[in-house]
Structure formats: C-alpha cells, structure tokens
Amino acid sequence: KAGVTQTPRYLIKTRGQQVTLSCSPISGHRSVSWYQQTPGQGLQFLFEYFSETQRNKGNFPGRFSGRQFSNSRSEMNVSTLELGDSALYLCASSPNPQNQPQHFGDGTRLSIL
Amino acid sequence: QQQVKQSPQSLIVQKGGISIINCAYENTAFDYFPWYQQFPGKGPALLIAIRPDVSEKKEGRFTISFNKSAKQFSLHIMDSQPGDSATYFCAASTGGGNKLTFGTGTQLKVEL
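Chains as they are written, first to last, in this note's numbering: chain A, 13 to 125; chain B, 6 to 117.
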C-alpha cells in the first residue's frame, strides 16, 4: 500500500507570493491533517479535513487555508508568503478522525527568499 | 494548557543502553499519547501509542510508561542501537482525534 504522498518535495518562493502544496493520503484514508515543522516552533497543527470539510483548525493566520477533494486528496495554500513561513509542511492521513494512528508523508520543504 | 513538555532536548546513549525520554502535559482532556520517530529528510513515523486506561505498553524494544495522576508519560528504548539515532517526539490529542499537540523533540544519538 502506498504511503502518504506529498508534492512537491521542495519549493522556493519569494515574499508576497502564494503557494499550493498537495497531499495524497493512503488509499482508503479519508481524514487528512496538515502540520508545520520549524526549528523554532517545532511541529504545529494547521488543520484537519474529513469528507471535504474542515474539522479542526490550529492557531495560524487566515493566509493559511486548505481544502479536500472528493477523492480525499488535499491541498493547502499559503498566500502573501512571509520569511517566517519557511518550514517543512507535513501531511498526515488516517481512516477517519477518530481512528488513529496518523501516517505522515515526508513533507514539502518550503523556502522563502 | 495545550502544551506538552518534553525532555531532554538531546540524549547520548551507548549501544545496548536504555534511552529514556520524558513528557508532561497539563490538559487532562488528552486521551491519546503517541510517540513518533523522525529521521532527517523524512516525516515522523509512529513508534508506539498509549491511552490512559493502561499504565504501560510494550512493543519490541519500545515501552511507554504512563502516569495519569502525575500527567506524565515516557518512552523507554531498551538495548539502544545506532539505527535508533533519530529525533523522537511525544504527542497528545483529545477524543482520540487527529489534532496532535507535539512535544519539542529529543535528538537521540546512540554511540558504538
């Protein structure tokens, strides 16, 4: 069974631009969560989607948004990029919101110049 | 109240020794406590998880000890091997859900 797939693996953007990251969950998994990982703040929860609906949201500004499609694939978007948005963005999937464990992808490394 | 405090920040253990990483939490609504292992360039991988109805769970060389009254839990890695050298994160969630609150991580190095 293929794991969680995140694309692209690496991305370089400049301040003020926007970016879209993609996540394909494990087949059959319908819950997708996103996390931001930085050396300073560690691993922080961004949001969770299930059945195309956002179930939970972390403490991030509105520039961070996401969506989920009917095939459970998910995208997250960051608008008006800031230097501080440089991070590893991780996607995790599970069968449903109450069914642990979550399986993580290897992330998208976003660098802002 | 949502924090999970993890210690130590880094740990060096000799091959064959026991690695111990500790976490403490404040939110008594947390009811799912997983440990993740992360290698450089990779995403976190689940090692072992526990729910508060048991005080200990063992899987191979990995054991979680859970103290509900003290609001603490720890990971013990027995017979530590160089291949265990990685960063370890504890985490917690409420309602067994997917919104994980992570500890700050422990960088483990197992020396020959």
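We treat Cβ as the ideally placed atom computed from N, Cα and C, and that holds for glycine.
- Annotated as distal: Q42 (chain B) and T109 (chain B), with beta-carbon spacing of 8 Å or more.
- With distances taken between CA atoms, A96 (chain B) lies nearest to A:Q56 out of A:Q56, A:D97, A:G78 and A:R121.
- Residues of chain A whose Cβ lies closer than 9 Å to the Cβ of Y93 (chain B) do not exist, since the nearest Cβ in that chain is about 12 Å away.
- By the criterion of at least three beta-carbon pairs nearer than 8 Å, the segment 15-28 of chain B is in contact with the segment 65-81 of chain B.
- Contact between the segment 32-48 of chain B and the segment 13-20 of chain B is absent: fewer than 3 CB-CB pairs across the two stretches fall below 8 Å.
- Residue ranges of uninterrupted alpha helix (DSSP H) with 4 or more members are absent from the segment 68-116 of chain A; none lies entirely inside it.
- Looking at the backbone, the Cα of F67 (chain B) and that of S90 (chain B) are separated by about 14 Å.
- The shortest CA-to-CA distance from L125 (chain A) to any of A:Q49, A:K69 and A:G28 is the one to A:G28.
- In terms of Cβ geometry, S34 (chain A) and E87 (chain A) form a close pair [threshold 8 Å].
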